[in-house]
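Visitor: Let me begin by handing over the structure; questions about it come next.
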Amino acid sequence: MGWQSIRYDYAGADILVTGGTSGIGRAIATAFREAGANVTVTGTRASANEYDADLSGMRYLPLDLEDDGSIDAVADAVPACDVLVNNAGMSFYPLGLDERDPDVFARAVRIHLTAPYRLTRKLAGKLAASGRAGGGCVVGIGSVTSFMGLAVTLGYGAGKTGLLGMTRGLAVDLGASGIRLNVVAAGLVETAMTAAVFSPEGSAWREPSVARTPLGRLGKPDDIAGPVLFLASDAAAWITGQTIMVDGGYTISG
């Protein structure tokens with residue numbers, strides 16, 4: 010079930026989901042689309058036709074998080090924005106890149122912290138102009154790596170941890186403009202990006218990860234979409250600067 014069992018009304022709302030072509034981002038974008046929103050998603054390819062995913066009913070914009078000009082172009086291309094979901098990211102570990110290397114570390118921080126900050130700043134005026142109850146809203150997709158140490162995701166974890174501080178700071182800075190900012194810190198979710206780590210075929214990480222999770226399973230993308238829809242709704246109109254852990258209890262388990 011999940012978010013599908015709750016009726017959210019986003020009719021007429023303009024939503025931007027970065028990295029909305031797969032995994033968690035696609036689940037979030039689909040949930041908003043099903044709730045009646047006008048959804049724009051970003052991806053790294055030139056056009057939506059290059060994806061196998063069902064992106065029907067969504068607008069597509071290419072985005073390179075390592076290119077300031079690309080970020081600015083996306084911000085300029087959306088005529089209005091009620092909700093921004095800073096979801097896009099990447100894992101360097103499956104690519105064989107070591108995040109302990111200073112150059113790889115810097116790339117990871119840029120993608121997961123600096124780029125979301127720039128996009129949020131560029132869209133602040135449009136978010137402030139939102140006429141929706143609860144005002145404009147930014148939801149960042151964080152990670153359990155902010156609450157535990159993993160050497161293989163050193164740069165990713167640093168970027169995602171910075172996202173928490175950025176969110177709190179901007180919640181104070183932009184609150185007077187009626188903009189709310191929160192984070193959904195995702196646990197161990199099965200997606201294409203994490204397939205190399207949690208694949209059932211021979212992964213040394215999967216079994217102990219499930220064993221440590223009190224709810225007894227890895228997450229699904231829809232597990233993250235539900236909390237995002239809630240935080241972006243007027244039911245959360247007095248919530249800002251907060252981080253919600255959505256991890257099946259992984260981080261509270263010894």
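Residue numbering for the sequence shown follows the working numbering, beginning at 10 and increasing consecutively.
Here a beta-carbon is modelled for each residue, glycine too, at the ideal position from N, C-alpha and C.
Can you give me the C-alpha to C-alpha distance between G211 and K229, rounded to a whole angstrom?
Guide: The count along the sequence shown starts at 1 and reaches residue 211 at position 202. The count along the sequence shown starts at 1 and reaches residue 229 at position 220. Confidence at G211 is low in this model, with a pLDDT of 48, below 50, so its placement is unreliable and the value that follows should be read with caution. Distance between the alpha carbons of G211 and K229 is about 20 Å.
Visitor: Would you mind sorting R35 into buried or exposed? The rule is 16 or more other CB atoms within 10 Å of its CB.
Guide: Residue 35 sits at position 26 when you count from the first residue of the sequence shown. With 16 or more Cβ atoms within 10 Å of its Cβ, R35 is classed as buried.
Visitor: Within the same chain, show all residues whose beta-carbon is closer than 6 Å to that of A167, passing over the 5 residues directly before and after it, in chain order.
Guide: Here residue 167 is taken as the residue at index 158 of the sequence shown, counted from 1. Cβ within range, chain order: V118.
Visitor: Does the Cβ of V255 lie closer than 7 Å to at least one heavy atom of the ligand FMN?
Guide: This structure lacks the ligand FMN; in fact it carries no ligand of any kind.
Visitor: Where F156 and T260 are concerned, what is the direct C-alpha to C-alpha distance, given to the nearest angstrom?
Guide: The residue given as residue 156 occupies position 147 in the sequence shown. The residue given as residue 260 occupies position 251 in the sequence shown. Distance between the alpha carbons of F156 and T260: 7 Å.
Visitor: According to DSSP, which residues form a beta bridge with G151?
Guide: Position 142 of the sequence shown holds residue 151. Paired residue(s): A194.
Visitor: Distance, Cα to Cα, G144 vs M254?
Guide: Along the sequence shown, one-based indexing puts residue 144 at 135. Along the sequence shown, one-based indexing puts residue 254 at 245. So the alpha carbons of these two residues sit roughly 23 Å apart.
Visitor: Rounded to whole angstroms, what's the CA-CA distance from T252 to A20? Just pull it up for me.
Guide: By 1-based counting over the sequence shown, the position of residue 252 is 243. By 1-based counting over the sequence shown, the position of residue 20 is 11. Their Cα atoms are separated by approximately 26 Å.
Visitor: At what residues does the alpha helix (DSSP H) containing V50 begin and finish?
Guide: Residue 50 sits at position 41 when you count from the first residue of the sequence shown. Not the alpha helix (DSSP H): V50 falls in the beta strand (DSSP E), residues N47 to G52.
Visitor: Find the nearest neighbour of G235 within the set S100, E59, G250 and I150, judged by alpha-carbon distance.
Guide: Looking up residue 235 in the sequence shown gives position 226. With distances taken between Cα atoms, G235 lies closest to I150.
Visitor: Exposed or buried, what is I24 when buried is set at 16 or more other beta-carbons lying within 10 Å of its beta-carbon?
Guide: Taking the sequence shown and counting its residues from 1, the one referred to as residue 24 is at position 15. With 16 or more Cβ atoms within 10 Å of its Cβ, I24 is classed as buried.
Visitor: Would you say L190 and L179 are within 8 Å of each other, going by their C-beta atoms?
Guide: Here residue 190 is taken as the residue at index 181 of the sequence shown, counted from 1. Here residue 179 is taken as the residue at index 170 of the sequence shown, counted from 1. For L190 and L179, yes; Cβs fall inside 8 Å.
Visitor: Short check: CB of G105 to CB of H121, under 8 Å?
Guide: Residue mapping note: residue 105 aligns to position 96 of the sequence shown, counting from 1. Residue mapping note: residue 121 aligns to position 112 of the sequence shown, counting from 1. The answer is no: Cβ separation not under 8 Å.
Visitor: At least one CB of chain C closer than 8 Å to the CB of V118: is that the case?
Guide: Among the chains in the structure shown there is no chain C, since it carries only a single protein chain.
Visitor: Can you tell which of R221, T162 and T154 has the C-alpha that lies nearest to the C-alpha of A195?
Guide: Position 186 of the sequence shown holds residue 195. Of R221, T162 and T154, the residue nearest in Cα terms is T154.
Visitor: Rounding to the nearest angstrom, what Cα-Cα distance links T123 and L74 in this structure?
Guide: One-based indexing of the sequence shown puts residue 123 at position 114. One-based indexing of the sequence shown puts residue 74 at position 65. Computed Cα separation, rounded: 9 Å.
Visitor: Could you tell me the distance, in whole angstroms, from the CA atom of L197 to the CA atom of E43?
Guide: Position 188 of the sequence shown, counting from 1, holds the residue named residue 197. Position 34 of the sequence shown, counting from 1, holds the residue named residue 43. If you take the alpha carbons of L197 and E43, they lie about 25 Å apart.
Visitor: Measuring only the C-alpha atoms, how far is A115 from G164?
Guide: As a position in the sequence shown, residue 115 is number 106, starting the count at 1. As a position in the sequence shown, residue 164 is number 155, starting the count at 1. For A115 and G164, the distance between alpha carbons rounds to 7 Å.
Visitor: Quick check: the Cα distance between P125 and A137, rounded to an integer number of angstroms?
Guide: Within the sequence shown, residue 125 is the residue found at index 116, counting from 1. Within the sequence shown, residue 137 is the residue found at index 128, counting from 1. For P125 and A137, the distance between alpha carbons rounds to 17 Å.
Visitor: Compute the Euclidean distance between the alpha carbons of A244 and A185, then round it to the nearest angstrom.
Guide: Numbered from 1 along the sequence shown, position 235 holds the residue referred to as residue 244. Numbered from 1 along the sequence shown, position 176 holds the residue referred to as residue 185. Going by the C-alpha atoms only, they are around 19 Å apart.
Visitor: Name the residue from A89, N96 and K135 whose alpha carbon lies nearest to the alpha carbon of K169.
Guide: Sequence index remark: in the sequence shown, residue 169 carries index 160 (1-based). Closest by alpha carbon: N96.
Visitor: Quick one: what's N95 bridged to in DSSP?
Guide: Position 86 of the sequence shown holds residue 95. The partner list for N95 (beta bridge, DSSP) reads G149.
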